[in-house]
Amino acid sequence: MDIIKDLEKRGLIQQTTDQEGLIKHLETNQVSLYCGFDPTADSLHIGHLVPLIMLKRFQLAGHNPIALVGGGTGMIGDPSGRSTERSLNTPETVQHYADSLKKQINKILKVENNESSVKVRNNHDWLGKLTFIDVLRDVGKHFSINYMLAKESVSTRIEHGLSFTEFSYMLLQSLDYMKLYEEENVTLQIGGSDQWGNITAGMELIRRARENQDDEIKVYGLTVPLITKADGTKFGKTAGGAIWLDPEKTTPYEFYQFWINTDDRDVIKFIKYFTFLNEEEISQLESEVANHPENRVAQRRLAEEMTKLVHSEEALTQAQKITEALFSGELKQLSANDIEQGFKDVPTFEMAKEDIGLVDLLVNAKISSSKRQAREDISNGAVSINGERQQDIQYTVTAEDRIEEKFTIIRRGKKKYFLISFN
Numbered sequence: 007m008d009i010i011k012d013l014e015k016r017g018l019i020q021q022t023t024d025q026e027g028l029i030k031h032l033e034t035n036q037v038s039l040y041c042g043f044d045p046t047a048d049s050l051h052i053g054h055l056v057p058l059i060m061l062k063r064f065q066l067a068g069h070n071p072i073a074l075v076g077g078g079t080g081m082i083g084d085p086s087g088r089s090t091e092r093s094l095n096t097p098e099t100v101q102h103y104a105d106s107l108k109k110q111i112n113k114i115l116k117v118e119n120n121e122s123s124v125k126v127r128n129n130h131d132w133l134g135k136l137t138f139i140d141v142l143r144d145v146g147k148h149f150s151i152n153y154m155l156a157k158e159s160v161s162t163r164i165e166h167g168l169s170f171t172e173f174s175y176m177l178l179q180s181l182d183y184m185k186l187y188e189e190e191n192v193t194l195q196i197g198g199s200d201q202w203g204n205i206t207a208g209m210e211l212i213r214r215a216r217e218n219q220d221d222e223i224k225v226y227g228l229t230v231p232l233i234t235k236a237d238g239t240k241f242g243k244t245a246g247g248a249i250w251l252d253p254e255k256t257t258p259y260e261f262y263q264f265w266i267n268t269d270d271r272d273v274i275k276f277i278k279y280f281t282f283l284n285e286e287e288i289s290q291l292e293s294e295v296a297n298h299p300e301n302r303v304a305q306r307r308l309a310e311e312m313t314k315l316v317h318s319e320e321a322l323t324q325a326q327k328i329t330e331a332l333f334s335g336e337l338k339q340l341s342a343n344d345i346e347q348g349f350k351d352v353p354t355f356e357m358a359k360e361d362i363g364l365v366d367l368l369v370n371a372k373i374s375s376s377k378r379q380a381r382e383d384i385s386n387g388a389v390s391i392n393g394e395r396q397q398d399i400q401y402t403v404t405a406e407d408r409i410e411e412k413f414t415i416i417r418r419g420k421k422k423y424f425l426i427s428f429n
């Protein structure tokens, strides 16, 4: 596989330090490369997926990817791409975040048959042992203030204020590249386009610190573009917040729905960015979008690939089951676990496991504003229980209406769902 040619076709290369040299380097060597992930939360989000999947692409092309969890740099905070300084977390919090990220990265970059091995390292292993004097003598002496001020991550923050802590971040990330060059023979660093300054600074440190030790130093940098959406909104954000890779934060169903709802104008670009589908299948999906956009074939394919990659085949099957049940109204086929995922954000009313008249339930759960309104809603056919319309104003909700003794789903009108949770 010509990895660079494939990345270019997918629109995944923003910048390279020496593309011609990198192509030759990849053609003639089994290259070790890395990408860093600072632990700023206890889960990665979908904004991290492009660099993660980039590592996977190089892995499939026969190279050796390393995911570097920033247990050390995460204690400082990267100023890149930010207008304000990050809040500093405690060492215990950063360690917890780092452990969580390592598990997620291992899951996505798991080793399959005939794939190159994957390593996950933590830069706290070396940064945590440094003294301030070590940093000044071994790293700081190789960088001029003018060089650092010229970096966009620094220059764009000067007017708004930049602490010495964040100003020094570049030095620590540069040391990461040099350590991995020395210990793992890493010769390529990849990252988002906002990491260009940090990546090139790392290359500069390697050259300056080792210019008298190595006959020929060949190291490279490559960045991926910032992901933008056609409607101008930020990728990876919804009204409910970020789309996390942790199923406890964003359920597989919610994750699946995020991709299903991709704009027609974005879906082929996202398929190229995020999936491993070949050129022929992508062309077919592009044709579907152009000729039959209402079928949303490309969106379903994108959602399938991403849910399988991040979660599992089983999680995908469950997400599809919930989606189909909500579309068809056949809600009785859902399990309690399905309901917890699919109805996570709907209004919920908790009550004891006892029989109750439907009119009283609608009023108590604030589904209808009054008993009169409840009777009117029922008789007009606006109320359904677990997907079945109920027009009997004398109807009593019993144990038979509880799914696994836990939930009853009430729908009022066409789209307003309410969840009755029994304790």
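Here my numbering runs 6 ahead of the position in the sequence shown, where the first position is 1. Glycine residues also receive a C-beta, built at the ideal position from the N, C-alpha and C atoms. Nothing here was measured: the structure is a model prediction, and the numbers come from that model.
Which residue comes first and which comes last in the alpha helix (DSSP H) that contains residue i?
{"i": "I288", "result": "285–297"}
{"i": "M357", "result": "No alpha helix (DSSP H) contains M357, which is instead part of the beta strand (DSSP E) from 354–357."}
{"i": "G348", "result": "342–348"}
{"i": "P57", "result": "55–66"}
{"i": "N152", "result": "151–156"}
{"i": "L337", "result": "Taken as a continuous stretch (DSSP letters only), L337 belongs to no alpha helix (DSSP H), as it is neither H nor E."}
{"i": "L142", "result": "138–144"}
{"i": "L367", "result": "364–370"}
{"i": "L315", "result": "303–316"}
{"i": "D237", "result": "First-last for D237: undefined, no H or E at that position."}
{"i": "D407", "result": "Looking at the DSSP string, D407 is not in any alpha helix (DSSP H), and its letter there is neither H nor E."}
So residue i is in the beta strand (DSSP E); what residue range does that whole segment cover?
{"i": "R214", "result": "Here R214 belongs to no beta strand (DSSP E); instead the alpha helix (DSSP H) covers 202–215."}
{"i": "T414", "result": "413–418"}
{"i": "Q195", "result": "192–198"}
{"i": "L228", "result": "226–230"}
{"i": "R127", "result": "125–128"}
{"i": "L74", "result": "70–75"}
{"i": "V389", "result": "389–391"}
{"i": "S427", "result": "422–428"}
{"i": "Y103", "result": "Run containing Y103: none in the beta strand (DSSP E); it sits in the alpha helix (DSSP H), 97–114."}
{"i": "G42", "result": "38–43"}
Tell me whether the beta-carbon of residue i lies closer than 8 Å to the beta-carbon of residue j.
{"i": "R418", "j": "I373", "result": "yes"}
{"i": "V303", "j": "L251", "result": "no"}
{"i": "E254", "j": "L283", "result": "no"}
{"i": "G203", "j": "M176", "result": "yes"}
{"i": "T229", "j": "Q201", "result": "yes"}
{"i": "L142", "j": "I72", "result": "no"}
{"i": "A331", "j": "Q339", "result": "yes"}
{"i": "K224", "j": "G68", "result": "no"}
{"i": "A236", "j": "D269", "result": "yes"}
{"i": "G76", "j": "N129", "result": "yes"}
{"i": "Q379", "j": "S199", "result": "no"}
{"i": "L115", "j": "L61", "result": "yes"}
{"i": "K308", "j": "F333", "result": "In the sequence under discussion, the amino acid at residue 308 is Leu, which differs from the Lys named in the question. No."}
{"i": "G83", "j": "Y103", "result": "no"}
{"i": "V160", "j": "F170", "result": "no"}
Residue i and residue j look like a contact to me (Cβ under 8 Å); what is the Cβ gap, rounded to whole Å?
{"i": "I415", "j": "F280", "result": "The Cβ separation is near 33 Å, so there is no contact."}
{"i": "K15", "j": "E285", "result": "7 Å"}
{"i": "I409", "j": "I345", "result": "6 Å"}
{"i": "V430", "j": "L39", "result": "There is simply no residue 430 to check, as the chain begins at 7 and stops at 429 in what is shown."}
{"i": "Y226", "j": "H31", "result": "7 Å"}
{"i": "Q347", "j": "T257", "result": "4 Å"}
{"i": "V37", "j": "L136", "result": "At roughly 28 Å, the Cβ-Cβ gap does not stay under 8 Å, so V37 and L136 are not in contact."}
{"i": "T329", "j": "A321", "result": "With 8 Å as the limit, T329 and A321 do not qualify as a contact, their Cβ atoms being about 13 Å apart."}
Of the choices the options, whose alpha-carbon is the least far from that of residue i?
{"i": "D398", "options": "A405, A388, E406", "result": "A388"}
{"i": "V134", "options": "V295, G203, Q101, A331", "result": "It should be noted that the sequence gives Gly, not Val, for residue 134. Among V295, G203, Q101, A331, the Cα nearest to that of G134 belongs to Q101."}
{"i": "D351", "options": "Y259, S334, E300, R271", "result": "Y259"}
{"i": "H148", "options": "E26, R216, F43, E158", "result": "R216"}
{"i": "S49", "options": "Q326, I249, K420", "result": "I249"}
{"i": "V423", "options": "T239, N429, G393, A309", "result": "Looking at the sequence itself, residue 423 is Tyr, so the reference to Val does not match. Closest by alpha carbon: G393."}
{"i": "I384", "options": "N370, V365, S376", "result": "V365"}
{"i": "L18", "options": "A104, V145, P231, L61", "result": "P231"}
{"i": "F64", "options": "E33, D84, F241", "result": "E33"}
{"i": "T354", "options": "K30, N370, S341", "result": "N370"}
{"i": "W4", "options": "Q305, K235, S289", "result": "No answer is possible for residue 4: the residues shown for the chain start at 7 and end at 429."}
{"i": "V126", "options": "L136, W132, I111", "result": "I111"}
{"i": "N343", "options": "S427, S334, K314, K113", "result": "S427"}
{"i": "H51", "options": "P85, F261, K412, N70", "result": "F261"}
{"i": "Y153", "options": "L168, I139, F241, A207", "result": "A207"}
{"i": "V56", "options": "S174, G242, T171, N218", "result": "G242"}
{"i": "G78", "options": "D140, L115, W132", "result": "W132"}
{"i": "K157", "options": "P85, E189, D272", "result": "P85"}
{"i": "T234", "options": "E222, I205, D272, N267", "result": "D272"}
{"i": "S318", "options": "D8, I10, K113, S106", "result": "K113"}
Is there a Cβ of chain B sitting closer than 8 Å to that of residue i, yes or no?
{"i": "G68", "result": "Protein chains in the displayed structure number just one, and chain B is not present."}
With three or more C-beta pairs closer than 8 Å as the rule, is the stretch 177–186 touching the stretch 211–228?
yes
Taking 8 Å as the cut-off, does the stretch 31–50 touch the stretch 292–303 (at least 3 CB pairs, one atom from each stretch)?
no
contact_flag[the stretch 92–101, the stretch 149–162] where n(CB pairs < 8 Å) is 3 or more:
no
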